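Have a look at the structure below before the remarks.
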Amino acid sequence: MLDADGRGVTWGAPGTPSSVGAQLLRQREATGTPPEQGSVATAGEPEGAGAEPEGVFEPEGVSELRGVAEPEEAVGAEVPPASPGAALRADVYRQVHEGEEFRAIRRRYRGFVFPACAVFLLWYLLYIVAAVTLPGLMARPVAGPFNVAWLLGLLQFATTFLITWLYARHARDHRDRAALGLRWETQDRLR
Amino acid sequence: MTTDSRHALAVGLFTVVVVVTLGITFWAGRRRRGAEDFYTGGRDFSPMQNGFAISGDYMSAASFLGITGLIALYGYDGLLYTVGFLVAWLLVLMLVAELVRNCGRYTLADVLALRMRRRPVRAAAGMSSIVVSLLYLVAQMVGAGSLVSLLLGLNTAADRAWSIVGIGALMIVYVTVGGMTATTWIQIVKCVVLLLGTSVLTVMVLLRFHGDLGSLLRSAAAHSGYGSRFYAPGLRYGGSALNRLDFVSLGLALVLGTAGLPHILSRFYTVPTARAARRSTMWAIGLVGGFYLMTIVLGLGAAALVGTAAVRSANEAGNTAVPMLAQVLGGGAGSTGGTVLFAVISAVAFATILAVVAGLTLASSAAFAHDLWARAFRRRDEETPTEQQEVVVARVSAVVFGAVAIVLSLYAQKLNVAFLVGIAFAVAASANVPALLFNLFWQRFSTRGATWAIYGGLVPALVLVVFSPVVSGNAAAIFPGVDFHWFPLENPGVVSIPCGFFFGWLGTVTSGGAADPDAYAELEVRALTGAGAV
C-alpha cells in the first residue's frame, strides 16, 4: 500500500466498466436517485466506490445505460445538489479541504512552487530582456570566444536542471506520503 | 556514390521507418478498442516510457531542423530558442503535470469541466486545442515538405506537395488505427533514434575540433560571415526596437506556451498516477535539455563545416542544416560515408516528423470528439453518445484534421519551422494557459472567466498573426503580393498573453454569482492528493 507511486494499489485499479455501470443503474432504480447528476455517480455506492473513476467522469458504459445527457449545470452555487449523494460528496471534499492535513500539504506545495516559479520566470525574463537591450554587456568576453551571453544561456540550462531536482526532492520528502495517505482516506470516506 | 544511389539509400531508409512505424501501429491497434485505450493507451506506461514519449512529442522537426538551422544562420539568437523551449518545462513540472493528471481524464477541457458549466468551457477549450494543434501540425509538415524534397531529390512544387500528402496519409493511419498506444510507442522509438543520431553527430563535430568548444565557436563565427557578431545576441533580433520587442514576445510565448500544448497535456494521462506524471516530466527535462545542448553544437558545427551561406542557399530558413552537416561529417558530397550519414540522419528526421504529427493529430481529434462533438455540441436533453461512437468520431476527425493540415501546409512552406512553432506556442500561451492556471489556483474563477480567458487570448493571438508581417506585406510572407498588415510584430505573445489573463480576470469579476467554493474544494483536494483520479 505504501507503494508511493500508487501502482499495484487496489484503489487505483479501474473497475470493470460495464458491470459497474449496470450496478449503478440498478442502484439508482432501487433508491430512486435521480440520474441527472452524473457527478454523484459514486456516492452512496455500497462497495468498490473507491475503485472506479469518480467526479465528473462516468465509468465507461454508464452514459449509454442511463440514456441521459451529461449534466450541464452540475456545479455552481446557484444549483443546489440534487441528491443526498451529491451533498454527502461535497461534504467530504469540503471537510478534507478544511482539514489541517490538507492545508499542510497545500502549504508545503505552494510554499515551494510559487517562489520557485517566480524566481525562474524572473531570471528567464531578465535573461531575454538583457539579450535584446544590453548588447554591450552580453558581448563582453568571459573565456576565449565565450562571452557573458553564452555564460548566462548555459546558466539557464543549469538552473533548470537544478530547480527540477530541488522540486522533486521537496515533493518526495514533504508531500508524497501525506498526499497518498489523504487520498486513501478521502476515497475511503466517499464510499 | 552517385546522386541516384544517394537517393536510393534515402528511399530505402525511409521505407524502413515507414514499415517499422506501421508495424507498431497495427500491433497496437490489434490489441485494444475502447476510448480509454484510444485516448490514453490504457494509462499503463511507466514514467520512463512516458518521459521518452513526451520528449519524442516535444523534440520535433522544429527543434531538430529549425533550431540547428537558426543557430547556423544567426548564431547566438538561435540559442535563445533552446533556452525558452527548455525553461518552459519548469512551469509544466511544478504547476501543471501532476494537477492535470489528477483532475482530468483525456483532454485539457476535462480539467476545466471539473468545476465549470461544462458546455461553454468544453466548447472554448476544445476549439482552442484544435487551433493550437493545427498550427503546430502545419509547422511540422512544412518541415516535412522541405526535408523530404531535399532528401529524395524532389525539386518541383508538385513533388513537395505529394510528399506532404504522403506524410499526412501516414499520420492519419497511425492515429486512426493505433490510437494513443501506437502514437506513444512510435514516439518512444523515435526519441531513442533521434537521441542516438544527434549524439553521433555531436561526437563527430566535437572530434573534428578535438573537443575544443572554443575553436568550434571561432570556426563557426569565421565561416558564418558575421565574424564576432555571431557570438552575441542581435543577428536575428537586433536592429530596431520593434524587432527586439518581437523577440521578447517570442520568449514569453515559448516559456508559457508549453504548459498549454494539448498534445503535451494529454501525455500525462498515459501514466497511472500524478507521481508518475512528475517523474515522466523529469525524464523529459533531462532528455530535452541534453538534446538542446547537442543541437547547439550541431548548429555551430553546421556554420563551421558547411558554412552559413551554403546552408542558406539550400533552404532560406535553414531547415536543412543538419542533413547537410551529416553529409560533410561523413566525408562530403559524393563520398560513401557522406551519403550514408546523410541518408541516416534524414531518416531520423523523417521519423521525428512522423511521430510528432501523429501526436498532434491525436490531440486535435480527441479535443473534437471528446469535448466538442460528444459534449459541447449537444443540447441539454440530448443523449451523450457512447464511447464507441465517440472513438469512431475521433478516428474520422483525425482524417479531417490531417487533410486540413496538409492543405494549410502547402501555403506556409517558405517559413522557418521553429518560427512557426513559436506562433503555435503564442496561441497556446494566450488561450489555454491563463484558463488552466486560473482554474487550478484561483478559487473565484468562474465559467465566464474561463470562456473569456480562452477566447480573449485565442482571438487576439490569431487576429494579430493574420495582420502581422508573417501573412502579408513582404516578400517572405504567406501572401507576398498583398499588404494588409498593421501589427508590427511577428509573434503576438507580448500582447495576446496578457489579454488572456486580463479577460480571464475580467470575466470572473463581472460574473453574477460567485464560483462554487465546494467545487473548488473538490478540485483542489483531487489535484493535490489524487483522490478520485481516473
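Just so you know, the sequences run in chain order A and B.
Numbered continuously in our numbering, the first sequence closes out at residue 193.
Numbered continuously in our numbering, the second sequence closes out at residue 582.
We treat Cβ as the ideally placed atom computed from N, Cα and C, and that holds for glycine.
Treat the numbers as computed from the prediction; the structure is a model and nothing was measured.
Can you find the residues in the same chain that come closer than 8 angstroms, C-beta to C-beta, to V447 (chain B), ignoring five residues on each side of it along the sequence? So the list reads I220, T224, once near-sequence residues are dropped.
Under 8 angstroms by Cβ, that's how I've got R586 (chain B) and S544 (chain B) pegged, so tell me the actual separation to the nearest angstrom. The structure shown has nothing for residue 586 (chain B), since chain B only spans 49 to 582.
Note down, in chain order, all residues in the region 314-335 of chain B with a beta-carbon under 7 angstroms from any beta-carbon belonging to chain A. Closer than 7 angstroms at the C-beta level to chain A, one finds these residues of the region 314-335 of chain B: P320, T321, R323, A324, R326, M330, I333.
Sequence-distant residues of the same chain with beta carbon closer than 8 angstroms to R177 (chain A), five excluded per side: Excluding sequence neighbours, R177 (chain A) sits near I107, R110, Y111.
Going along the chain, which residues of the region 242-267 of chain B sit with their C-beta nearer than 7 angstroms to a C-beta in chain A? Sequence-ordered contacts of the region 242-267 of chain B with chain A read G262, L265, R266 [C-beta pairs closer than 7 angstroms].
Give a yes or no on whether the C-beta atoms belonging to F88 (chain B) and Y154 (chain B) are separated by under 8 angstroms. The residue asked about is misnamed: residue 88 (chain B) is Thr in this sequence, not Phe. A Cβ-Cβ contact shorter than 8 angstroms links T88 (chain B) with Y154 (chain B).
Where does the unbroken alpha helix (DSSP H) through P310 (chain B) begin, and where does it stop? 310-313 is the extent of the alpha helix (DSSP H) around P310 (chain B).
Based on the DSSP secondary-structure assignment, which residues constitute the bridge partners of P143 (chain A)? According to DSSP, which records beta bridges pairwise, P143 (chain A) is partnered with A:N149.
Do the region 96-108 of chain B and the region 225-244 of chain B meet, that is, are 3 or more Cβ pairs less than 8 angstroms apart? Of all C-beta pairs linking the region 96-108 of chain B to the region 225-244 of chain B, three or more are shorter than 8 angstroms, placing the two stretches in contact.
Per-residue contacts from P508 (chain B) into chain A (C-beta, under 9 angstroms): Those within 9 angstroms of P508 (chain B) in chain A number zero; the least Cβ separation is about 21 angstroms.
Closer than 8 angstroms to chain B by CB, R108 (chain A): At least one CB of chain B lies nearer than 8 angstroms to the CB of R108 (chain A).
Between the region 441-456 of chain B and the region 274-294 of chain B, are three or more C-beta pairs nearer than 8 angstroms? Taking 8 angstroms as the limit for Cβ pairs, the verdict is that the region 274-294 of chain B does not touch the region 441-456 of chain B.
Using C-beta distances below 6 angstroms, list every residue in its chain close to I72 (chain B), excluding the 5 sequence neighbours before and after it, in chain order. Within the same chain, I72 (chain B) has close Cβ partners A230, W233, I234.
From this set, B:A173, B:L162, B:G123, B:L143, which residue's C-alpha is nearest L348 (chain B)'s C-alpha? Looking at the Cα atoms, B:G123 is the closest of the given residues.
Tell me, please, which residues DSSP counts as bridged to S520 (chain B). Answer is B:F527, bridged to S520 (chain B).
Inter-stretch contact (C-beta, 8 angstroms, three-pair minimum) for the region 431-444 of chain B and the region 190-199 of chain B: They do not touch, by the three-pair rule.
Unbroken stretches of the alpha helix (DSSP H), 4 residues or longer, contained in the region 318-406 of chain B: Complete alpha helix (DSSP H) runs here, min 4: 322-349, 356-362, 369-378.
Which residue spans inside the region 490-514 of chain B form an unbroken alpha helix (DSSP H) run of at least 4? Segments of the alpha helix (DSSP H) lying fully in the region 490-514 of chain B: 495-514.
According to DSSP, simplified to helix, strand and coil, what is N291 (chain B)? DSSP places N291 (chain B) in helix when its eight states are reduced to three.
Leaving aside the five residues before and after F486 (chain B) along the sequence, list all residues of the same chain whose C-beta is less than 7 angstroms from its C-beta, in chain order. Around F486 (chain B): F493, G497, A501, G552.
Just the C-alpha distance for F122 (chain A) and L458 (chain B), rounded to the nearest angstrom, thanks. So the two alpha carbons sit approximately 39 angstroms from each other.
Please report whether the beta-carbon of R185 (chain A) lies at a distance below 8 angstroms from any beta-carbon of chain B. It does: the Cβ of R185 (chain A) has a partner Cβ on chain B nearer than 8 angstroms.
By the criterion of Cβ-Cβ separation under 7 angstroms, what are the contact partners of P281 (chain B) in chain A? Listed along chain A, the residues sitting closer than 7 angstroms to P281 (chain B) by beta-carbon distance are A133, V134, P137, M140, A151.
Leaving out five residues before and five after L290 (chain B) in sequence, what residues of the same chain have Cβ atoms less than 6 angstroms from its Cβ? Excluding its 5 nearest sequence neighbours in each direction, L290 (chain B) has C-beta neighbours in its own chain below 6 angstroms: P536, listed in chain order.
By DSSP, does V448 (chain B) sit in helix, in strand, or in coil? Of the three classes helix, strand and coil, the one that applies to V448 (chain B) here is helix, per DSSP.
Are G114 (chain B) and N363 (chain B) closer than 8 angstroms when you measure CB to CB? Between G114 (chain B) and N363 (chain B), the gap from beta carbon to beta carbon reaches 8 angstroms or more.
Flag V144 (chain A) as yes if its beta-carbon sits less than 8 angstroms from any beta-carbon of chain B, otherwise no. For V144 (chain A), the answer is no, since every Cβ of chain B falls outside 8 angstroms of its Cβ.
Please determine if the region 569-577 of chain B and the region 96-106 of chain A are in contact, where contact requires at least 3 C-beta pairs separated by less than 8 angstroms. Yes, since at least three Cβ pairs between the region 569-577 of chain B and the region 96-106 of chain A fall closer than 8 angstroms, the two stretches touch.
Along the region 166-185 of chain A, what residues have a CB closer than 9 angstroms to any CB found in chain B? For the region 166-185 of chain A, residues whose beta-carbon sits nearer than 9 angstroms to a beta-carbon of chain B comprise T166, W167, Y169, A170, A173, R174, R177, D178, A180, A181, L182, G183, L184, R185.
Hey, H533 (chain B) and G521 (chain B) are a contact pair by Cβ (cut 8 angstroms); roughly how many whole angstroms apart? Sure, about 4 angstroms apart at Cβ, within 8 angstroms.
Straight-line gap, L127 (chain A) to G380 (chain B) (C-alpha atoms, nearest Å): Whole-angstrom Cα-Cα distance: 41 angstroms.
Does any residue of chain A bring its CB to less than 8 angstroms from the CB of V131 (chain B)? Output row for V131 (chain B): interface = yes.
Any beta carbon from chain B within less than 8 angstroms of A120 (chain A)'s own beta carbon? A120 (chain A) does not count as touching chain B.
Tell me the DSSP secondary structure of V213 (chain B) in three-state form. V213 (chain B): helix per DSSP, three-state reduction.
Are the C-beta of M189 (chain B) and some C-beta of chain A separated by less than 8 angstroms? M189 (chain B) is outside the set of residues whose beta carbon lies under 8 angstroms from a beta carbon in chain A.
Mark A53 (chain A) as exposed unless 16 or more other C-beta atoms lie within 10 angstroms of its C-beta, in which case mark it buried. A caution first: A53 (chain A) carries a pLDDT of 36, below 50, which makes its placement in the model unreliable, though a value can still be read off. Counting Cβ neighbours within 10 Å, A53 (chain A) comes out buried, since at least 16 surround it.
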